[in-house]
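K.L.:
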Amino acid sequence: MEATILAYVCFRTQITLFGNSCYQETVLTSPSEESAQNLIKTLEKYLDLDRGSFSNVKVNGQEITFKVNPNVKGLNASEVAVKAGK
Numbered sequence: 001m002e003a004t005i006l007a008y009v010c011f012r013t014q015i016t017l018f019g020n021s022c023y024q025e026t027v028l029t030s031p032s033e034e035s036a037q038n039l040i041k042t043l044e045k046y047l048d049l050d051r052g053s054f055s056n057v058k059v060n061g062q063e064i065t066f067k068v069n070p071n072v073k074g075l076n077a078s079e080v081a082v083k084a085g086k
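Residue 64 in UniProt numbering sits at position 64 of the sequence shown; the count goes up by one each step and never skips.
#1: Sorted by chain position, which residues of the same chain lie with C-beta nearer than 6 Å to residue 41's C-beta, five sequence neighbours on each side aside?
#2: Could you spell out the range, first to last residue, of the alpha helix (DSSP H) harbouring residue 56?
#3: Quick one, which of 39, 49 and 30 has its alpha-carbon nearest residue 76's?
#4: Report the rounded CA-to-CA distance for residue 51 versus residue 61, giving the unit in angstroms.
#5: With a 10 Å radius around its C-beta and 16 neighbouring C-beta atoms as the bar for buried, classify residue 35 as buried or exposed.
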């Protein structure tokens with residue numbers, strides 16, 4: 001069985017990043033390319049993964065799709081999605 005390697009985040013609310021943390025506001029918005037990259041970096045830090053654990057970041061409307069690369073914790077995209085949702 002092949003591991004899941006792609007994950008996506010669908011934005012229903014605006015995400016505001018402050019250093020290593022983020023919070024949601026109630027305003028609907030589509031993320032910019034820059035905010036998508038910042039979110040991915042923050043997610044890597046939150047999950048205690050090395051920089052570059054995620055790649056191929058793409059923004060499509062309110063979705064951010066990214067590839068989960070082999071990483072020190074052995075997480076695949078499904079596991080990243082579960083941990084990110086906590």
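Quick reminder that beta carbons are idealized off the backbone N, C-alpha and C, glycines included.
P.N.:
With the structure as the only source:
#1: The beta carbon of residue 41 is closer than 6 Å to none in its chain, skipping five residues each way along the sequence.
#2: Element bounds for residue 56: not the alpha helix (DSSP H) but the beta strand (DSSP E), 54 to 60.
#3: 49
#4: Rounded to whole angstroms, the separation of the alpha carbons of residue 61 and residue 51 is 25 Å.
#5: buried
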